[in-house]
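Here you go:
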């Protein structure tokens, strides 16, 4: 049984603030499908932490903002589902490393999502073009 991997974004509180991006996995292809949400959250000390939230409607609002939109990145198999949490943890560490080197805020949830999708596409676990579609998604506002 395949699953669907989505990039979901949430509106920012201010027009010039970054939108919050998450990766969501569903087994159905409709708005009210239940999703497992993977995200990084910015802790108060500026450190990003990976977390997983289960059983959330794909188009639900998020504490960081109202639902803004989504894009289907592709169908994924069980191998991806088994490793997505590890990909998320590793990508969070890479974002934190970047911020330590270049200054707080130089990398965020957008970079986290790009790292994961690039890795999955390179490993041929996502269809070619998923990264290009993700790069066109709204980042601000």
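Residue numbers (my numbering): 18 to 158.
Quick reminder that beta carbons are idealized off the backbone N, C-alpha and C, glycines included.
| said: Given this structure, state the Cα-to-Cα distance separating residue 97 from residue 91, to the nearest angstrom. | reply: Spanning the two alpha carbons is a distance of roughly 11 Å.
| said: Give me the DSSP bridge partner(s) of residue 118. | reply: Looking at the DSSP assignment, residue 118 forms no beta bridge with any residue, so it has no partner.
| request: Could you please give me the residues that DSSP links to residue 52 through a beta bridge? | output: Its beta-bridge partners are 43, 73.
| query | Any idea if residue 88 is buried or exposed, counting beta-carbon neighbours within 10 angstroms, 16 or more meaning buried? | reply | Burial call: exposed.
| request: Could you check the C-alpha separation between residue 144 and residue 138 for me, to the nearest Å? | output: The straight-line gap separating the alpha-carbon atoms of residue 144 and residue 138 is approximately 6 Å.
| request: Output the residue ranges of the alpha helix (DSSP H) runs that lie fully inside the segment 77-140 and measure 4 residues or longer, sorted by chain position. | output: Unbroken alpha helix (DSSP H) stretches of 4 residues or longer found wholly inside the segment 77-140: 95-119, 126-139, given in chain order.
| task | Determine the DSSP secondary structure at residue 33, reduced to helix, strand or coil. | result | DSSP places residue 33 in coil when its eight states are reduced to three.
| Where do the N-terminal and C-terminal ends of the alpha helix (DSSP H) with residue 151 fall, by residue? | For residue 151, the enclosing alpha helix (DSSP H) covers residues 147-152.
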